[in-house]
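Asks: For reference, each letter of the sequence shown is one residue, going 11 to 235 in my numbering.
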Amino acid sequence: MYILFGGDFTRATLVQWVLEEGKIEYELRKINILHGEHRSAEFLAINPAGLVPVLITPEGDALYEVAALMLYLTDRHQLTELAPTSTDPDRGHFLSAIFHIAGDIQSEMKRFHFPHRFSLRSEDSAGVQGLAKSLVLSRLSVMNTRLAQRGPYVLGTRFSLADFYLCFWVAYLDRKAVCMQLPSIAKLYKMVRARATAIPYLEETERMADAYAKMMSQNPSGVIS
Numbered sequence: 011m012y013i014l015f016g017g018d019f020t021r022a023t024l025v026q027w028v029l030e031e032g033k034i035e036y037e038l039r040k041i042n043i044l045h046g047e048h049r050s051a052e053f054l055a056i057n058p059a060g061l062v063p064v065l066i067t068p069e070g071d072a073l074y075e076v077a078a079l080m081l082y083l084t085d086r087h088q089l090t091e092l093a094p095t096s097t098d099p100d101r102g103h104f105l106s107a108i109f110h111i112a113g114d115i116q117s118e119m120k121r122f123h124f125p126h127r128f129s130l131r132s133e134d135s136a137g138v139q140g141l142a143k144s145l146v147l148s149r150l151s152v153m154n155t156r157l158a159q160r161g162p163y164v165l166g167t168r169f170s171l172a173d174f175y176l177c178f179w180v181a182y183l184d185r186k187a188v189c190m191q192l193p194s195i196a197k198l199y200k201m202v203r204a205r206a207t208a209i210p211y212l213e214e215t216e217r218m219a220d221a222y223a224k225m226m227s228q229n230p231s232g233v234i235s
């Protein structure tokens, strides 16, 4: 059995969704990052980087980095409905999308949600957050153009985990504003959110995003250290 370390306000939702889609047995162990449990000696012994999620394989290996975890599970368990195989013509476009989301969108979302980590002075946090949001929107605009050209999904008419991955970050940014500005992203979000297996996870992500935004408004210097 797999063990997934996750919890509220983490990207573990993405890995949970893949596990559920693949009907893969796992145990969820919650880490409360608001209480700093991801910085405890016990957790750092599992992942010295102090980042969540972490997936413990049946062999006992501790794996991390959410995009890698999703790809690992789809490849190991042959979830071809979520990820094209290495010989599938769609594989290249799929990997391009996954790494674009991980490297160019997810990285800026970290600055958007944790601006205090990227500024030396507390008064600079708002500027860091504003710039990060601007960069995310510009990159979502590129994705919107691609979806308009060859959508409605990232792989055309074929759903994949790239679609859920993208929608997860749309939910965590400002989904209403994004969907108003970017019609192809809005169409994708609506389609993914209508999937029976995605509904509980995107709904939970929306709740977490709204709760985090409220906490940030009350404590702009940083909710999570």
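Each residue gets a CB set at the ideal place from its N, CA and C atoms; glycine is no exception.
Do K143 and F109 count as a contact pair if the criterion is CB distance below 8 Å?
Replies: Numbered from its first residue, the sequence shown carries residue 109 at position 99. Numbered from its first residue, the sequence shown carries residue 143 at position 133. The answer is no: Cβ separation not under 8 Å.
Asks: Could you pull the DSSP bridge partners for R168 from this structure?
Replies: Indexing the sequence shown from 1 puts residue 168 at position 158. Paired residue(s): L165.
Asks: If you check the beta carbons only, do L79 and V25 fall under 8 Å apart?
Replies: To locate residue 79, count along the sequence shown from 1; it is residue 69. To locate residue 25, count along the sequence shown from 1; it is residue 15. Result yes, Cβ atoms of L79 and V25 sit closer than 8 Å.
Asks: Ordered along the chain, which non-local residues of its own chain (more than five positions away) have a Cβ less than 6 Å from that of K197?
Replies: Looking up residue 197 in the sequence shown gives position 187. Once the five neighbours on either side are set aside, the close Cβ partners of K197 are P162.
Asks: Nearest-angstrom Cα distance between P63 and H126?
Replies: Position 53 of the sequence shown, counted from the start, is the residue given in the question as residue 63. Position 116 of the sequence shown, counted from the start, is the residue given in the question as residue 126. Their Cα atoms are separated by approximately 21 Å.
Asks: If you run the structure through DSSP and keep just helix, strand and coil, what is V62?
Replies: Residue mapping note: residue 62 aligns to position 52 of the sequence shown, counting from 1. Coil.
Asks: At which residues does the beta strand (DSSP E) containing E133 begin and terminate?
Replies: Your numbering for residue 133 matches position 123 in the sequence shown. That residue, E133, is in no beta strand (DSSP E); it is neither H nor E in DSSP.
Asks: Between which residues of its own chain and Y211 is the CB-CB distance below 6 Å, once the five residues before and five after are set aside?
Replies: Taking the sequence shown and counting its residues from 1, the one referred to as residue 211 is at position 201. Within the same chain, Y211 has close Cβ partners T23, W27.
Asks: When DSSP labels each residue in this structure, what does L38 get in the three-state scheme?
Replies: Along the sequence shown, one-based indexing puts residue 38 at 28. Correct three-state label for L38: strand.
Asks: Is it buried or exposed, H45, if we count other Cβ atoms within 10 angstroms and call 16 or more buried?
Replies: Residue numbering aside, residue 45 sits at position 35 when the sequence shown is read from its first letter. Flag for H45 reads exposed.
Asks: Between Y36 and L14, is the Cβ-Cβ spacing less than 8 Å?
Replies: Walking along the sequence shown from the start, residue 36 turns up at place 26. Walking along the sequence shown from the start, residue 14 turns up at place 4. The answer is yes: Cβ separation under 8 Å.
Asks: In whole angstroms, give me the CA-to-CA distance for N42 and T20.
Replies: Position 32 of the sequence shown, counted from the start, is the residue given in the question as residue 42. Position 10 of the sequence shown, counted from the start, is the residue given in the question as residue 20. If I take the Cα positions, the gap works out to 9 Å.
Asks: Starting from I13, trace the beta strand (DSSP E) in both directions and tell me its first and last residue.
Replies: The residue given as residue 13 occupies position 3 in the sequence shown. Element bounds for I13: 12-16.
Asks: Applying the 10 Å Cβ sphere with the 16-neighbour rule, what's the burial state of L171?
Replies: Residue numbering aside, residue 171 sits at position 161 when the sequence shown is read from its first letter. Buried, since its Cβ has 16 or more Cβ neighbours within 10 Å.
Asks: So for L192, helix, strand or coil by DSSP?
Replies: As a working note, residue 192 is residue 182 in the sequence shown. Reduced to three states, the DSSP call for L192 is coil.
Asks: Any chance the region 168-183 sits against the region 100-117, with 3 or more Cβ pairs inside 8 Å?
Replies: Contact between the region 168-183 and the region 100-117 is present, because at least three Cβ pairs lie under 8 Å.
Asks: Using only the alpha-carbon positions, how far apart do E30 and L192 sit?
Replies: Numbered from its first residue, the sequence shown carries residue 30 at position 20. Numbered from its first residue, the sequence shown carries residue 192 at position 182. Taking the straight line joining both Cα atoms gives about 29 Å.
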